[in-house]
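Following the working numbering, the numbering of the sequence shown begins with 115 at its first residue and continues without gaps. Shown next, in structure tokens, is the structure this report addresses.
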Amino acid sequence: MLGKLLKYDLRSVFKYWWIAAVVSLSLAVAAGLLIPMGFVENTKYEVVQVLCAIIAVLCIVGMCLLPIVGSVLIIVRFYKHFFTDEGYLTFTLPVKKHTLLNSKLLMTFIFQLASVLVLVLDFVIVYALGLLEVFTEFAIWNEIKHGLDLIMGDIVMSVGNMWILYLVELIIIGVASVFVSAMLIYLCITAASVISKKYKVLVAIGLYYGANSVISFISQFSVMGGNYWLMLPVLNTPEHVNSVWLIAAVLLLVAGVYVAVGAAMYVLENYLLERKLDLQ
């Protein structure tokens, strides 16, 4: 049943998301074509060159809005499917509430990943059509490559094979952060529907900003406190070992905080959907 729900959710969001994706790719092409005209080629009319540069920058900003557009579509889908007239039909389906929630979470991960991939393709297009010529004209790329080689060389020498552990931890943090962000929004919308019948959107916005502030404070406090306590056992070890393992431990702590907070939100959201939600 989860597969059918997910297919329905993906189809519902995709019919709007693909338009935003095409617009993002079109803006990338426009930016790539305008960048050389605005930053490299000299024209008789300086105002034209400045205008091309401004439009190119605006196109880049516009194409970077795709993940935000995707998030808005996902939020609207969640709200309409659960808390509008459509919700009466949704909750009559012969499936458990957590299955409906799991479908929404999987949809979130899929479209966020798709948005990131499209954004990467956008920057590849901009680079191939425009930035490559700028880098070649002003010999910027060699300087960037030289700087990256120095930085990566220093990192490899400092941490050795530990970079693999860092990468795994960062991936876990990235996935967990998307999960926490989605759960926070879903939880605020659900809680607002439980609290208020007339001003659901306003209450949800207020709950979101309040909860986001509290979670940010707890996360920062946990990381700072964990950093202090993790330093105590290794004070008598070599400085190199301290920094290498301390970074891994702090990243693990951050991942643990995200996972714990996300799990707590999931349990609370499922409880509200099962026990507290009243659509009458």
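Backbone N, C-alpha and C define an ideal beta-carbon position, used for all residues, glycine too.
- Tyr241 and Leu148 have their C-alpha atoms roughly 12 Å apart.
- The beta carbon of Ile285 sits closer than 7 Å to no other beta carbon from its chain once the five residues preceding and following it are set aside.
- Proximity of the segment 157-172 to the segment 117-130 falls short of the contact definition, fewer than three beta-carbon pairs being nearer than 8 Å.
- Of all C-beta pairs linking the segment 222-238 to the segment 128-148, three or more are shorter than 8 Å, placing the two stretches in contact.
- When the five nearest sequence neighbours on each side are left out, the beta carbons in the same chain lying within less than 7 Å of the beta carbon of Ala325 are those of Leu298, Cys302, in order along the chain.
- Going by DSSP, Leu179 is part of no alpha helix (DSSP H) at all; its letter is neither H nor E.
- Apart from sequence neighbours up to five positions away, the residues of its chain that approach Lys211 with a beta-carbon distance below 7 Å are Asn384, Leu387, Glu388, ordered along the chain.
- Measuring C-alpha to C-alpha distances from Tyr130 to each of Ile188, Gln163, Met151 identifies Ile188 as the nearest.
- Tyr202: member of the alpha helix (DSSP H) spanning 199-204, first to last residue.
- Straight-line spacing of the CA atoms in Val209 and Ala167 works out to 54 Å.
- Rounded to the nearest whole angstrom, the CA to CA distance from Gly201 to Met151 is 52 Å.
- Separation of Ala369 and Val164 (C-alpha to C-alpha, rounded to the nearest whole angstrom) is 45 Å.
- For Tyr241, there is no enclosing alpha helix (DSSP H), as DSSP gives it neither H nor E.
- In this model, Tyr313 and Leu172 are separated by some 35 Å (Cα to Cα).
- In the three-state reduction of the DSSP assignment, Leu124 falls in the helix class, which pools H, G and I.
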